[in-house]
Amino acid sequence: MIDGTVFTGFPFLLRYAGFRDSPVPTIREVELESETGVPIRTKIFGSSDDAPVIYLQHGMSAKGIEDNRILVLATHLRNTGFNVYLPELTEVKNLQITDETVAKIRSVFRIVGKREEKPVSFLSASFSAGMGMVALAQEEDQSRLAATLLVGTYFDFGTTLPYVVSNFERDPYAVFVVLYNYVDKIRPELTGLKRFYLESSLDAGLQRTGDAVVSSKLVSDLSEKEKEFVRNVGDPSFRAELSEEILNQLPRNFIRENSPRGVVDSWRTPIALLHGADDPVIPPTESETLYSALRERKIDSNHLSSKLLTHGDHLPFYTQIPEILPLARIWGYFLEKASDFA
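This is the structure we're talking about:
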């Protein structure tokens, strides 16, 4: 028997598939003033004054809130009947892995809640998803949180990072981002590598081609030891050593304080976990483990590992027909929970 959540989620998927009209709305851009006083550029996709609210947080993309993938998602959510806030976090756009993100997400969530004077739902992907769960686990925020959907999240940063680095052949972009963040910590004498891995990340993330590619132009300026490091990154055993070095130099308590593992005991609001079955960046076992922990604590939760998802996007729906109903079900679960407090 098909449950009601499928019928809620299916129209949303039809918009994604292009089988249902989803017009581009009028988008307002504002600056939300954070608790630190720093303005946060935000796009608002307005539906109606009494519509339920979703805070949609972008992931690590140098395009920030101009990334077409997240603009499309925000548009479909708005056309499904939600007011959508899409803030741009500078450090995330700049590809920086930092615990500042947790505080920023919490601050934005509280600002949106005060503006709307109603509970707010949260939706994000990848590392921003995991940090979002950490950010919103405090009692003050749980009382204002309607529902959460985390796509491709991690459970434990300490187990996720080695997986990211191990999959260089499948997703070099994620490895470039990790090395950009940490190479100066583990190889401070190799001063040319931080910029090299930043530009490598941007080349991949911005899909630079031809003469626009920057990283290849920097190779000639690298020292012999730096060039050797770059070559060695292609060796799986070398990358395994790098992962261990990176984890060993992290600030004390960083992993615990920035992983959903550390806050699962504080969580009590509805949450859905969606993960690509073959995700090359964050293993689907991370969402599975988080789901098990939530179920043990009897938290209202839902989980799906889907062949329709990659890490940063989805495949054409016709390629995996059997996956469509489960995907509609989990989206429907989230959309219904997010609407309960409207």
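Counting from 1, position 85 in the sequence shown corresponds to residue 85 in full-length UniProt numbering; the numbering is continuous, with no gaps.
Each residue gets a CB set at the ideal place from its N, CA and C atoms; glycine is no exception.
Computed from a predicted structure; not experimentally measured.
Bridge partners - residue 53, DSSP secondary structure assignment = Partner(s): 83, 120.
Thinking C-beta only, is residue 275 closer than 7 Å to residue 287?
-> Cβ atoms of residue 287 and residue 275: closer than 7 Å.
Please state whether DSSP places residue 127 in a helix, a strand or coil.
-> Note: residue 127 maps to helix in three-state DSSP.
Who are residue 28's beta bridge partners in DSSP?
-> Paired residues: 44.
Pick helix, strand or coil for residue 271, following the three-state DSSP scheme.
-> Residue 271: strand per DSSP, three-state reduction.
One or two residues paired with residue 148 in a DSSP bridge = BP columns for residue 148 point to 122, 271.
Mind checking residue 193: buried by the 16 CB within 10 Å criterion, or exposed?
-> Residue 193 is buried by the Cβ-count criterion.
State the start and end residues of the unbroken beta strand (DSSP E) segment that holds residue 302.
-> Segment 301 to 306, the beta strand (DSSP E) holding residue 302.
Once you ignore the five residues that flank residue 227 on each side, which residues in its own chain have a CB closer than 8 Å to its CB?
-> 219, listed in sequence order.
Does the stretch 178 to 197 come within contact of the stretch 139 to 157, defined as at least 3 CB pairs closer than 8 Å?
-> Too few Cβ pairs lie closer than 8 Å, so no.
For the candidate residues 269, 203, 166, 88, whose alpha-carbon lies nearest to that of residue 240?
-> Nearest option by C-alpha distance: 166.
Proximity of residue 44 and residue 85 at Cβ, strictly below 7 Å | Yes. Within cutoff.
From the DSSP output, which residues share a beta bridge with residue 33?
-> For residue 33, which the question treats as bridged, DSSP gives the partners 39.
Apart from the five residues on each side of it in sequence, which residues of its chain come closer than 6 Å, Cβ to Cβ, to residue 99?
-> So the list reads 258, once near-sequence residues are dropped.
In terms of DSSP beta bridges, what is residue 276 paired with?
-> Partner residues in the beta bridge of residue 276, as assigned by DSSP, are 306.
Identify which residue in 120, 164, 130 has its Cα closest to the Cα of residue 143.
-> In terms of CA proximity to residue 143, 120 leads the group 120, 164, 130.
Length of the line joining the Cα atoms of residue 272 and residue 207 | The straight-line gap from Cα to Cα measures roughly 31 Å.
Entirely within the stretch 231 to 264 and at least 4 residues each: give me those alpha helix (DSSP H) ranges in chain order.
-> The stretch 231 to 264 contains these whole alpha helix (DSSP H) runs: 236 to 249, 254 to 257.
Identify, in the order they occur along the chain, each residue of the same chain with its Cβ nearer than 7 Å to the Cβ of residue 335, setting aside the five sequence neighbours on each side.
-> Sequence-distant Cβ neighbours of residue 335 in its own chain, meaning closer than 7 Å and more than five residues away, are 8, 9, 12, 80.
Is DSSP giving residue 185 helix, strand or coil here?
-> Secondary structure at residue 185: helix, using DSSP grouped into helix, strand and coil.
Between which two residues does the alpha helix (DSSP H) carrying residue 292 extend?
-> The continuous alpha helix (DSSP H) containing residue 292 extends over residues 284 to 296.
Does the pairing of the stretch 32 to 40 with the stretch 104 to 112 give three or more beta-carbon distances under 8 Å?
-> The stretch 32 to 40 is in contact with the stretch 104 to 112.
Does the beta-carbon distance from residue 171 to residue 280 come in below 7 Å?
-> Yes, these two residues count as a Cβ contact at 7 Å.
Based on Cα-Cα distance, which residue from 70, 54, 94, 106 lies nearest to residue 83?
-> The shortest CA-to-CA distance from residue 83 to any of 70, 54, 94, 106 is the one to 54.
Run through DSSP, which three-state label would residue 229 get?
-> Of the three classes helix, strand and coil, the one that applies to residue 229 here is helix, per DSSP.
Could you check which residue in 331, 337, 5 has the C-alpha nearest to that of residue 16?
-> Checked all of 331, 337, 5; the closest Cα to residue 16 is 331.
State yes or no: is the C-beta of residue 264 within less than 7 Å of the C-beta of residue 293?
-> Yes. Within cutoff.
Backbone secondary structure at residue 22 - three-state DSSP | Looking at residue 22 - three-state DSSP - the assignment turns out to be coil, as it is neither helix nor strand.
Give the secondary structure of residue 208 by DSSP, where H, G and I count as helix, E and B as strand, and everything else as coil.
-> In the three-state reduction of the DSSP assignment, residue 208 falls in the coil class, being assigned neither a helical nor a strand state.
Can you tell me whether residue 284 is buried or exposed, with buried defined as 16 or more other CB within 10 angstroms of its CB?
-> By the 10 Å Cβ count, residue 284 comes out buried.
Can you tell me whether residue 57 is buried or exposed, with buried defined as 16 or more other CB within 10 angstroms of its CB?
-> It is buried - the Cβ of residue 57 has at least 16 other Cβ atoms within 10 Å.
Contact belief for residue 133 with residue 150 at Cβ below 8 Å, rounded distance in angstroms = About 6 Å separates the Cβ atoms of residue 133 and residue 150, confirming a contact at the 8 Å cut-off.
Residue 19, buried or exposed, once every other Cβ within 10 Å from all chains shown has been counted against 16 = It is exposed - the Cβ of residue 19 has fewer than 16 other Cβ atoms within 10 Å.
Take residue 14 and list the residues in its own chain whose beta-carbon comes closer than 8 Å to its own, dropping the five residues that flank it on each side.
-> Hits under 8 Å: 20.
How is residue 99 classed by DSSP in three states: helix, strand or coil?
-> Three-state DSSP puts residue 99 in coil, outside helix and strand.
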